[in-house]
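Structure record follows, encoded as structure tokens.
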Amino acid sequence: MKHLFTLTAIVLGLVFSLPVAAQWTEQNHAERFEQLGPMLRSPNVYRTASGAPGHMYWQQKADHEIEVELNDDNQSIKGSQKITYFNNSPDALKYLWIQLDQNERAADSNTPKIAESSINPRMSLRQLESILWHDQDLGYKIHSVKDLSGNDIPVTIVKTMMRVDLPQQLNPGEQVDFTVDWSFNIHDRMSFIGGRPGYEYFEKDGNYLYTMAEWFPRMAVYSDFEGWQHKQFVGRGEFALTFGDYKVKITVPADHMVGSTGVLQNPEEVLSSAELERWNRAKTSFDKPVIIRTQAEAERLEKQKSKDKKTWIFHAENVRDFAWTSSRKFIWDAMAVKQGGKDVMAMSYYAKEANPLWEQYSTRAVAHTIKSYSARTFDYPYPVAISVEATNGMEYPMICFNYGRPDEDGTYSDAIKYGMISVIIHEVGHNFFPMIVNSDERQWSWMDEGLNTFLQYLAEQEWDRDYPSRRGAAHKIVPYMQSERHLLEPIMTNSENIIQFGPNAYAKPATALNILRETIMGRELFDYAFKEYSLRWKFKHPTPEDFFRTMEDASGVDLDWFWRGWFFGTDPVDISMENVSWYKLDNRTPAQKKADQQKEAEREAYHISQDYNKDDIPQTVVEADPATRDFYNSYNPFSVTPEDEKAYKEFMDRLSQKEKDLLNSGLNFYEITFRNVGGLVMPLILQFNYTDGTSEVERIPAEIWRLNEWEVTKVFAKKKEVKNIVLDPYRETADIDESNNYWPRQFTPSRFELFKSTGGVRGASMGDNPMKRARRR
Ligand SMILES: [Zn+2]
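Residue 511 is where the sequence shown starts when you use the working numbering, and the numbers rise one by one after that.
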């Protein structure tokens, strides 16, 4: 409805009353715009208030020399390693903590004990197996821990952690060398035990494919912000790892192909002359991969099964971990990628079961990922980047294990193809977060998964304009944000305590960053700040505070409200356009004023009887006394009088030209009341569609909510007349209820299925009732 209002006096003192009832059902000031302050760790000499490493920043270092042998006959592995641990901290250390991840699968592991289980009417064998207690011999056997003189060092094993009690305390600036000898049985990762490392057995040709990760005792992180990170490994919360240099000798059956973190030191000893020639050719092939071991060669080796051994030597510098893969089934291809003034080798290892998909896409996806991520962070610093087909998805420095296998006849769906490319982009992308920007995964999954999923989304969109990205765009997080409150945790929640892990640790932070970039900060400010965070923390250990602070520090945008809402809170976005009133300025010309008054009076006087009377008053009554009727009709209370004209002239004479222009501007004023139904404050993005067919978008920063977090009113002055208004027209804010985003309200159809009961058991099943499913949502 249109209202008129009067310009009183000279200034725009808008005086009118409104029927908007402000009802404070909740505490108005819930601190959505207060600075995070005490919710964050205090800045100090190690980490500054601007989010950068401080002037006394330090981190530990651990170098490894490892000799390891894979036994393909009984699927076991044994290794001996020397660790050199550098204490760069200002603290004297009496003991060191080492991670024994294999013990997650040991008989006394807490992992199966703390997993909930229940009996369902329909259960897979795998589900049942996971309930049964498994006491297979899969944990570490630690044979010895010794100093370099061969003296035993006492250790205490606490499930997946081991305390090494040093003979004498390790002072600041000192280093200590010690050796660990160990072995374990490799597990079948395709079984109910699952997990990232392990083997896959191929029944048809009787061969194994090993993905060796979390395979050696690894140093825990000792840091300024947490001391020792020795929270138990129970399967999900990933790793906190120390940077160091690695020299690793891997002995495997002579016909195996080995892919590994690091650079192969002895290609002449382990590759055939043909493979060596192709490998050297791949180093200058920038446009397409060179196949170094072909499918035909791999298939031949599958049958022969050599009993000889070969030792592959790899060196890696400044890595936080080391993983490798080995199988005689492997096809290997590689191509070179120019990156930051040097050449990186992008490579793939896969069995014939992964073709033709893998030879087509894998190495190209690796190359694309390196380029896309480098542009937004820093030049990929490592010499190789490897993708291995292993029916899963897991990342390590320079090497990752991915999925994507066609059907047996070699055909594949788009879902498999894009799923494979997405996983490769994601896992190769993890080189940046957390392999290089080395956050504590045991505590925070979002710091690597969220940031990585965000960059994955950008890389996917660059790979293919219409790439079917699963995560990233704002509206994709809506189903998660619509979850019932007890199924939601803040992003700032420890890995192990998250119910819906994918949406919480991957999708929500990725969406939040995308919203920051597209809607809150803009691409230029966001990209600069995100890159600054990457540069500040590459090859270091950042905390959430360092990320939050750097994003603000480098952009000049106060984002505390955003971190509070999106990272520390569980509220969804649901902003409702509650009420829209349309006002026109009363320009006070007597003619206009009287005409409006007349129109209003007529509108007020109208009643339904008038319509009925038209045809229903007896003719005798209508014609009774025409003179009387004419007399009354000649009086017009809405005609302009000389007094009206005089008052108008006096009023106009008092106005300046600027004020007169304003008065005659003909502006339309739209007063809109917004209600924060969801709780998460966001900008107001409004599309005004005008009666002349044009439209305009106006953006109001989220800070409009700072004085009233539940309801705000704002007036928009428009030259044109508005036909309708849409809130969040580009679906940028992840609003979980868009039905209240339209003025006038629009009906959006929800679909429901009709189904006809078959009368049988199947048709009557509750689970098949689409109406019930819809309600549950
Ligand atoms: Zn990931």
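Ideal Cβ placement from N, Cα and C applies to all residues, glycine included.
Taking a contact to mean a Cβ-Cβ separation below 8 Å, would you say residue i touches residue j in this structure?
| i | j | result |
| --- | --- | --- |
| Y1038 | A1064 | yes |
| Y1200 | V1090 | no |
| E1213 | F543 | yes |
| F1011 | R746 | yes |
| V686 | V655 | no |
| Q570 | V690 | no |
| N1178 | K1109 | no |
| I935 | E970 | yes |
| P799 | W789 | no |
| H1051 | S733 | yes |
| Y928 | P989 | no |
| F832 | P727 | no |
| M945 | V894 | no |
| Q585 | K669 | no |
| Y756 | L580 | no |
| L774 | F735 | no |
| L546 | R1074 | yes |
| F688 | I663 | yes |
For the beta strand (DSSP E) holding residue i, just list the boundary residues, first then last.
| i | result |
| --- | --- |
| V876 | Element bounds for V876: not the beta strand (DSSP E) but the alpha helix (DSSP H), L867 to R886. |
| L579 | Reading off the sequence, residue 579 comes out as Glu, not Leu. Its beta strand (DSSP E) spans residues K571 to N581. |
| M904 | M904 to Y906 |
| I593 | S586 to F596 |
| S858 | K852 to Y860 |
| T689 | Q685 to N695 |
| I760 | G754 to P763 |
| R1027 | First-last for R1027: undefined, no H or E at that position. |
| D1245 | That residue, D1245, is in no beta strand (DSSP E); it is neither H nor E in DSSP. |
Pick out whichever of the options has its Cα sitting closest to the Cα of residue i.
| i | options | result |
| --- | --- | --- |
| L867 | P916, A1115, S884 and I896 | P916 |
| F1072 | P907, K1050, G716 and L1026 | L1026 |
| I1001 | A983, V988 and A1020 | A1020 |
| P600 | L676, R632 and G683 | G683 |
| N902 | I909, V744 and V933 | V933 |
| D1238 | A617, I1195, I587 and G1203 | I1195 |
| P548 | I663, D1070, F1161 and K817 | D1070 |
| T1223 | K1230, V854, I1210 and K1233 | I1210 |
| E972 | D889, T879 and R1033 | T879 |
| R995 | L1264, T1080 and V555 | T1080 |
| S837 | A846, K1048 and Q814 | Q814 |
| I909 | V829, I802, K588 and Y709 | V829 |
| I760 | R636, E577, G705 and Q870 | E577 |
Using the DSSP secondary-structure output, state which residues sit across from residue i in a beta bridge.
| i | result |
| --- | --- |
| Y1200 | V1232 |
| L774 | F824 |
| S993 | S993 is not bridged to any residue. |
| L786 | In the DSSP output, where bridge partners are listed per residue, L786 has none listed. |
| T835 | T721 and G769 |
| Y711 | Y718 |
| L610 | Bridge partners of L610: none, in fact. |
| P1222 | In the sequence as presented, Pro is not what sits at residue 1222; that position holds Val. In DSSP, V1222 forms a bridge with F1184. |
| A1288 | In this structure the chain extends from 511 to 1287, so residue 1288 is not present and cannot be described. |
| D657 | F688 |
| D662 | K656 |
| P563 | R557 |
May I ask you to check if the CB of residue i is nearer than 7 Å to at least one heavy atom of ligand 1?
| i | result |
| --- | --- |
| E724 | no |
| H1051 | no |
| E959 | yes |
| H825 | no |
| E905 | yes |
| N1014 | no |
| N962 | yes |
| H740 | no |
| H940 | yes |
| H565 | no |
| K574 | It should be noted that the sequence gives His, not Lys, for residue 574. No, since every heavy atom of ligand 1 falls outside the 7 Å radius drawn around the Cβ of H574. |
| H936 | yes |
So that I know if they touch, is there some Cβ in chain B lying closer than 8 Å to that of residue i?
| i | result |
| --- | --- |
| L811 | Protein chain content of the structure displayed is limited to a single chain, and chain B is not contained in it. |
Residue range of the alpha helix (DSSP H) that residue i falls in?
| i | result |
| --- | --- |
| W1047 | R1033 to W1047 |
| S1065 | P1054 to S1065 |
| S932 | D924 to G939 |
| M1162 | P1152 to D1163 |
| S795 | First-last for S795: undefined, no H or E at that position. |
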